[in-house]
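Asker:
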Amino acid sequence: MSSFRFTNLTRQIEIGANCYLLEIAGRRIVLDCGAHPKAEGRESLPLLEHLSNTELDAVILTHAHQDHLGSLPVLMKAHPKVNAFMTEPTRQLADAMLHNSVNVMMKRQESGEGQTPLFTHKDATACTRRFQPLPTGKRFSLNGDRLGHDEATDVSLQLEDAGHILGSSAVLFEAEGRRILYTGDVNFLDQTLMQGARLPDKNIDTVIVECTRGATPQPEGFTREQEELRFAEAIREVFARGGSVLVPVFALGKSQELLAMIHKLRQKQLLPHCPVYIGGLSTKLTEIHDRLANASSRQHVGLDLLETVAPFTISGREINNLPIRPGRIYALSSGMMTENTLSNVIVSQFLPNPAHGIFFVGYADPESPAGRLRSATHGEPIQLGASAPSEVLRCKVDTFGFSAHSDRDSIAAYLEHTAPRHIIFVHGEPQAQEWFRETLQPRLPETQMHTVAPGVPLEL
Ligand SMILES: [Zn+2]
Numbered sequence: 140m141s142s143f144r145f146t147n148l149t150r151q152i153e154i155g156a157n158c159y160l161l162e163i164a165g166r167r168i169v170l171d172c173g174a175h176p177k178a179e180g181r182e183s184l185p186l187l188e189h190l191s192n193t194e195l196d197a198v199i200l201t202h203a204h205q206d207h208l209g210s211l212p213v214l215m216k217a218h219p220k221v222n223a224f225m226t227e228p229t230r231q232l233a234d235a236m237l238h239n240s241v242n243v244m245m246k247r248q249e250s251g252e253g254q255t256p257l258f259t260h261k262d263a264t265a266c267t268r269r270f271q272p273l274p275t276g277k278r279f280s281l282n283g284d285r286l287g288h289d290e291a292t293d294v295s296l297q298l299e300d301a302g303h304i305l306g307s308s309a310v311l312f313e314a315e316g317r318r319i320l321y322t323g324d325v326n327f328l329d330q331t332l333m334q335g336a337r338l339p340d341k342n343i344d345t346v347i348v349e350c351t352r353g354a355t356p357q358p359e360g361f362t363r364e365q366e367e368l369r370f371a372e373a374i375r376e377v378f379a380r381g382g383s384v385l386v387p388v389f390a391l392g393k394s395q396e397l398l399a400m401i402h403k404l405r406q407k408q409l410l411p412h413c414p415v416y417i418g419g420l421s422t423k424l425t426e427i428h429d430r431l432a433n434a435s436s437r438q439h440v441g442l443d444l445l446e447t448v449a450p451f452t453i454s455g456r457e458i459n460n461l462p463i464r465p466g467r468i469y470a471l472s473s474g475m476m477t478e479n480t481l482s483n484v485i486v487s488q489f490l491p492n493p494a495h496g497i498f499f500v501g502y503a504d505p506e507s508p509a510g511r512l513r514s515a516t517h518g519e520p521i522q523l524g525a526s527a528p529s530e531v532l533r534c535k536v537d538t539f540g541f542s543a544h545s546d547r548d549s550i551a552a553y554l555e556h557t558a559p560r561h562i563i564f565v566h567g568e569p570q571a572q573e574w575f576r577e578t579l580q581p582r583l584p585e586t587q588m589h590t591v592a593p594g595v596p597l598e599l
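So the sequence shown is numbered by our numbering: it starts at 140 and just counts up by one.
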């Protein structure tokens with residue numbers, strides 16, 4: 140069996156961002172090209188200098204979250220011949236996300252806080268013109284030609300639904316008798332909108348697997364249904380004491396999941412028909428979800444979120460003077476409450492008021508403002524940004540387990556069942572990767588497990 144090479148192009152072993160180089164059968168494929176959520180300017184880019192003297196054959200974009208997409212226009216500009224493959228929903232979402240990134244970078248530069256934008260609207264448009272959407276479950280060549288089931292080629296690729304957000308996919312490569320699967324971000328369990336992933340598990344040689352939640356045990360007896368009930372009850376309690384609820388959310392994925400959950404809980408009469416507020420980018424991305432409500436593999440097929448839940452859109456200009464009225468849900472980005480985002484600006488009105496609630500529903504970096512608030516002590520002052528006022532934390536803060544990433548046991552069960560010859564751990568902190576290794580090595584004694592240092596090729 141011939142060998143292939145895998146290079147981790149991220150800057151550290153951490154959750155951070157995603158970008159990897161796969162070299163097989165003389166072909167070079169880049170897997171995702173994200174921007175680091177905590178870094179600014181060129182520091183946020185992956186190690187693209189490792190690709191500067193390299194002709195690329197294809198780029199795969201697994202989904203449109205910033206930590207997989209954010210640096211793609213820079214890569215595509217430096218490699219003017221290569222095309223990028225993704226699903227059709229990811230193509231549409233990525234287009235909106237990239238142009239939003241340009242707006243954010245330009246605003247930061249104008250305010251004197253940010254560096255020169257890494258790319259312009261023109262660069263983003265030039266990048267998305269070279270996007271080639273592919274259907275899931277079908278084999279293609281690296282030129283984007285459809286292949287028959289057994290049709291031979293040097294390297295074939297096949298996208299598979301990954302259950303993480305709309306359009307998210309894993310990718311299966313076949314080359315020289317080896318089947319290599321990159322999971323991207325994956326969720327094996329159903330969410331409110333997304334259906335859980337069913338990834339290929341036969342004759343897989345290598346799995347490149349995300350480890351986001353490897354250091355996070357699932358609470359004993361956890362079920363999503365129970366968690367939804369607990370969430371609805373917590374909101375009703377806030378409303379009953381005359382407060383409002385702030386739910387910091389990612390604009391892409393978590394906003395739409397939350398809108399769908401609100402719809403579902405209203406239908407079951409577990410939540411009242413209260414006003415819901417979302418940000419401008421969330422509205423734009425929800426429009427794309429609604430446009431594709433019948434086309435993609437999801438639950439609540441046909442549900443039009445904007446029409447059914449009828450959220451109000453808040454702009455960046457309105458957020459500073461927005462009066463918080465009782466009995467409302469503010470589902471505002473960003474999920475990590477990054478400075479100057481809607482959730483970060485509005486939070487100072489929530490913190491000192493014991494009637495209100497701030498409910499977290501997904502991942503937050505422990506050092507981000509959201510991460511710091513989650514571990515803050517009730518009754519003590521907290522400051523969530525350099526320009527933000529310090530407030531005493533008196534409102535209720537709680538966290539709910541609605542992650543879009545698989546819990547670690549589901550991923551471990553998939554890997555154990557698949558029993559590949561190699562597992563390459565990516566997109567996880569060192570202790571998360573270690574949990575997978577310690578858990579799986581005794582169950583898969585024949586499998587070689589790899590943690591890959593940045594920029595050092597792994598030959599398998
Ligand atoms: Zn993601």
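Note that CB positions come from ideal geometry on N, CA and C, so glycine has one too. None of the values given here were measured: they were computed from a predicted structure.
Kindly provide the chain-ordered list of residues whose Cβ lies closer than 5 Å to any non-hydrogen atom of ligand 1.
Answerer: Output, sorted by chain position: His204, Asp324.
Asker: Quick one: what does DSSP say Leu579 is sitting in, helix, strand or coil?
Answerer: Here Leu579 sits in helix by DSSP.
Asker: Taking only the alpha-carbon atoms, compute the straight-line gap between Leu186 and Ile453 and give it to the nearest angstrom.
Answerer: Their backbone Cα atoms lie some 37 Å apart in a straight line.
Asker: Reducing DSSP to helix, strand and coil, say where His412 ends up.
Answerer: His412: coil per DSSP, three-state reduction.
Asker: How about the region 463-477 and the region 369-385: do they share at least three Cβ pairs that are nearer than 8 Å?
Answerer: At 8 Å Cβ cutoff, the stretches touch.
Asker: Of the choices Phe564, Ala558, Thr447, whose alpha-carbon is the least far from that of Pro581?
Answerer: Closest by alpha carbon: Ala558.
Asker: Quick check: what's the CA-CA separation for Pro593 versus Arg352?
Answerer: When rounded, the distance between both Cα atoms is 20 Å.
Asker: So, does the region 409-429 touch the region 230-241, judging by three or more C-beta pairs under 8 Å?
Answerer: Yes: at least three Cβ pairs fall under 8 Å.
Asker: Can you give me the start and stop residues for the alpha helix (DSSP H) that Arg363 sits inside?
Answerer: Where Arg363 is concerned, the enclosing alpha helix (DSSP H) stretches over 363-379.
Asker: Between which two residues does the beta strand (DSSP E) carrying Ile343 extend?
Answerer: Note, Ile343: premise wrong, no beta strand (DSSP E); not H, not E.
Asker: Starting from the C-beta of Gly392, find all residues in its chain whose C-beta is less than 6 Å away, skip the five residues before and the five after it, and write them out in chain order.
Answerer: Excluding sequence neighbours, Gly392 sits near Ile304, Ala543.
Asker: Helix, strand or coil: how does DSSP classify Leu554 here?
Answerer: In the structure shown, Leu554 sits in a helix (DSSP, three-state: H, G or I).
Asker: Between the region 361-375 and the region 395-404, do three or more beta carbon pairs fall short of 8 Å?
Answerer: Yes, they touch.
Asker: Give the secondary structure of Asp300 by DSSP, where H, G and I count as helix, E and B as strand, and everything else as coil.
Answerer: DSSP places Asp300 in strand when its eight states are reduced to three.
Asker: Can you list, in chain order, the residues of its chain whose CB lies under 6 Å from that of Phe327, leaving out five sequence neighbours each side?
Answerer: Within the same chain, Phe327 has close Cβ partners Gly335, Ala336, Ser545, Ser549.
Asker: Can you give me the Cβ contacts of Arg247 inside the same chain, cut-off strictly under 7 Å, excluding the 5 residues immediately before and after it?
Answerer: So the list reads Gly253, once near-sequence residues are dropped.
Asker: Rounded to whole angstroms, what is the Cα-Cα separation between Glu396 and Phe541?
Answerer: Distance between the alpha carbons of Glu396 and Phe541 is about 9 Å.
Asker: If you count every other CB in all the chains shown that lies within 10 Å of the CB of His561, and 16 or more means buried, which is it?
Answerer: Label assigned to His561: buried.
Asker: In terms of residues, what are the limits of the beta strand (DSSP E) holding Thr104?
Answerer: Residue 104 lies beyond the range of the chain shown here (140 to 599); nothing can be said about it.
Asker: Could you give the residue range of the alpha helix (DSSP H) that holds Phe489?
Answerer: Its alpha helix (DSSP H) spans residues 481-489.
Asker: Buried or exposed for Lys535, going by 16 or more other Cβ atoms inside 10 Å?
Answerer: Lys535 should be labelled buried.
Asker: Since Val346 and Thr322 are thought to touch, with beta carbons under 8 Å apart, how far apart are those beta carbons, to the nearest angstrom?
Answerer: Right, their Cβ atoms sit about 7 Å apart.
Asker: CA-CA distance, Val500 and Gly306?
Answerer: The straight-line gap from Cα to Cα measures roughly 21 Å.
Asker: Any C-beta of chain B sitting closer than 7 Å to the C-beta of Ser514?
Answerer: The structure shown has no chain B; it contains just one protein chain.
Asker: Can you tell me where the alpha helix (DSSP H) holding Asn242 begins and where it ends?
Answerer: Here the alpha helix (DSSP H) through Asn242 covers 227-249.
Asker: Name, in chain order, the residues that DSSP records as bridge partners for Leu385.
Answerer: Bridge partners of Leu385: Tyr469, Ile497.
Asker: Nearest to Tyr502 by alpha carbon, out of Ser472, Ala197, Val213, Leu170?
Answerer: Closest option to Tyr502, Cα to Cα, is Ser472.
Asker: If I follow the unbroken alpha helix (DSSP H) through Leu431, where does it start and stop?
Answerer: Neither: Leu431 is in no alpha helix (DSSP H) and is coded neither H nor E.
Asker: Just the Cα atoms here: how many angstroms apart are Leu664 and Ile374?
Answerer: A query on residue 664 cannot be resolved here, the shown segment of the chain reaching from 140 to 599 and no further.
Asker: Exposed or buried, Pro356, counting other C-beta atoms within 10 Å across all chains shown (16 or more means buried)?
Answerer: Pro356 should be labelled exposed.
Asker: Apply the 10 Å Cβ neighbour rule to Asp284 and answer buried if 16 or more other Cβ atoms are within range, or exposed otherwise.
Answerer: Classification for Asp284: exposed.
Asker: Closest to Leu320 by CA distance: which of Val591, Leu296, Leu332 is it?
Answerer: Checking every option, the nearest Cα to that of Leu320 belongs to Leu296.
Asker: What are the boundary residues of the beta strand (DSSP E) that Thr255 is part of?
Answerer: From DSSP, Thr255 is part of no beta strand (DSSP E); its letter is neither H nor E.
Asker: Closer than 6 Å by C-beta to Gln271: which residues in its own chain qualify, once you throw out the five before and the five after it? Chain order, please.
Answerer: Excluding sequence neighbours, Gln271 sits near Asn222, Phe224, Gly283.
Asker: Tell me the residue span of the alpha helix (DSSP H) that contains His207.
Answerer: Its alpha helix (DSSP H) spans residues 205-208.
Asker: Could you tell me which residues DSSP puts in a beta bridge with Ser295?
Answerer: Paired residue(s): Ser280, Glu313.
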